[in-house]
Ligand code: HMG
Ligand code: MG
C-alpha cells in the first residue's frame with residue numbers, strides 16, 4: 001500500500017510524557033510546554049488528565065494548566081477522562097477532546113483504572129454521550145494492544161472487541177496503544193489490519209512506547225497498513241505509572257525526522273521541536289532520549 005502523504009502527530013508529552021515524573025513539574029513549565037508545542041504546529045496536544053490525584057499526583061493541576069494555556073485557534077487540546085467526574089472537569093476546563101482509556105487486557109484494566117474491561121465500557125458510555133451532547137470530540141484508547149505487563153500475550157480479538165465497543169459508542173478516533181513497547185512490526189501490521197477491518201483507517205492511530213526500541217519500525221509498519229495518525233512525546237518523555245518498566249513514548253523528533261525522509265508532511269516545525277526537547281530535558285535535569293534531537297543539538301553546538 002502507498003504510504004500516506006500527510007500524517008497527524010498527536011503530541012502527548014504534557015500528559016503521557018509527564019504523568020510518571022516523580023518530582024512535581026511546576027504548572028508554569030507544563031503550560032509553557034503545551035504553548036510551545038501548539039506554536040510548533042501540532043494539530044493536537046494531549047494536555048492533561050482529569051483522573052484521581054491519588055492515583056496520578058503529577059496530573060493534579062490539570063484544571064490550572066487548562067486555564068492558563070494560550071489556546072491557538074485550530075489546535076485540539078485533549079484530556080484524559082476515566083469517568084463522569086473526570087468529564088465534568090474536562091467540560092469546565094473547555095477541553096476540545098476527551099480521551100477514554102480502556103485496555104485489551106483484563107489485568108491491566110484492573111491495575112490502571114480499578115475495574116474490569118466490561119465495567120470500564122459501562123463507565124465510558126455516559127461520558128461519551130455527555131461529550132457528544134456538549135460537542136466535544138472523543139478519542140478511545142486501547143492499552144496493551146501489543147502485550148500486557150501482567151498478562152503477557154494479548155489476543156488480537158481482544159483489541160478488535162474493544163475497538164468495536166468504542167465504535168458502537170461513536171467515538172471519533174481509536175488509539176491502538178503499545179503501552180509497554182513490546183510490539184514488533186509483523187504483529188503491529190496484523191493488529192492494525194484487524195482493527196482497520198472494522199474501523200475506518202482514517203480514524204485509527206498508533207500510540208507506541210519505545211521500551212524495546214521498536215517504535216519507529218512499528219510506525220512504518222502502521223503507515224504501510226494505511227494508518228496516518230501517530231502519538232509521540234518530545235525527547236521521548238514518558239511512561240505509565242501502572243505499567244512497570246515501560247519507558248517513554250516514541251520521541252517526536254525521531255518520528256518527524258523519519259517522516260521528513262519519507263516526504264510525509266506533518267505541518268510541524270522540526271527545528272522548533274528539537275529546541276523544545278532540549279529545553280524540556282534541561283528542565284527535568286536529564287538528557288532526552290531522542291536520537292535525532294540529540295544529534296541535531298550536538299551538530300548545532302559543534
Ligand atoms: P477508584 O478508586 O476505583 O475510584 O479509582 P472511585 O470512584 O472509588 O473514587 C475514589 C476517589 O477518587 C474518590 O475520592 C473520588 O472522588 C476520586 P475520595 O472520596 O477518596 O477523596 N476520583 C477522582 N478524582 C478526580 N478526578 C476523577 C476522579 N474519579 C474518582 N476523575 C479511577 C478509579 C479511574 C478514578 C482511578 O483508577 C484513576 O484515576 N486512574 C487513572 C490512572 C491513570 O491516569 N493512568 C495513566 C493514564 S492511562 C495511560 O497512560 C495509557 C495511555 O497512554 C495509552 C497506553 O500507553 O496504553 C493512554
Ligand atoms: Mg501511553
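In UniProt numbering, the protein residues as written are 1 to 302. Even for Gly, the Cβ is constructed at its ideal location relative to N, Cα and C.
- Nearest to residue 55 by C-alpha distance, out of 242, 42, 134, is 242.
- As DSSP reads the structure, residue 78 sits in a beta bridge with 46, 97.
- The distance from the Cβ of residue 232 to that of residue 293 is about 11 Å, inconsistent with a contact at the 8 Å cut-off.
- When DSSP states are grouped into helix, strand and coil, residue 230 belongs to the strand group.
- At a threshold of 8 Å, residue 179 counts as near the ligand MG, since its beta carbon sits closer than that to one of the ligand's heavy atoms.
- Each of 156, 193, 204, 269 was checked against the Cα of residue 1, and the nearest Cα belongs to 193.
- For residue 177, the enclosing beta strand (DSSP E) begins and ends at 173 to 178.
- With 16 or more other Cβ atoms from the protein chains shown falling within 10 Å of its own Cβ, residue 210 counts as buried.
- By the neighbour-count criterion, in which a residue is buried when 16 or more other Cβ atoms sit within 10 angstroms of its Cβ, residue 84 is exposed.
- An exposed status is given to residue 283, since fewer than 16 other beta-carbon atoms sit within 10 Å of its beta-carbon.
- Exposed is the label assigned to residue 5, since fewer than 16 other Cβ atoms lie within 10 Å of its Cβ.
- The ligand HMG has a heavy atom closer than 8 Å to the beta-carbon of residue 19.
- Between the region 34 to 48 and the region 9 to 18, the count of Cβ pairs shorter than 8 Å is three or higher; the stretches touch.
- Residue environment analysis places residue 278 among the buried positions, since at least 16 neighbouring C-beta atoms fall within 10 angstroms of its C-beta.
- Residue 70 counts as exposed, since fewer than 16 other beta carbons sit within 10 angstroms of its beta carbon.
- Taking the Cα of residue 174 as reference, the smallest distance to any Cα among 156, 184, 201, 190 is reached at 201.
- Residue 270 places its beta carbon 9 Å or farther from that of residue 250.
- Secondary structure at residue 251: strand, using DSSP grouped into helix, strand and coil.
- The beta carbons of residue 102 and residue 78 sit no closer together than 9 Å.
- Of the heavy atoms belonging to the ligand MG, at least one sits nearer than 8 Å to the Cβ of residue 240.
- Leaving aside the five residues that flank residue 171 on each side, the residues in its chain whose CB is nearer than 8 Å to its CB run, in chain order, 100, 128, 138, 139, 140.
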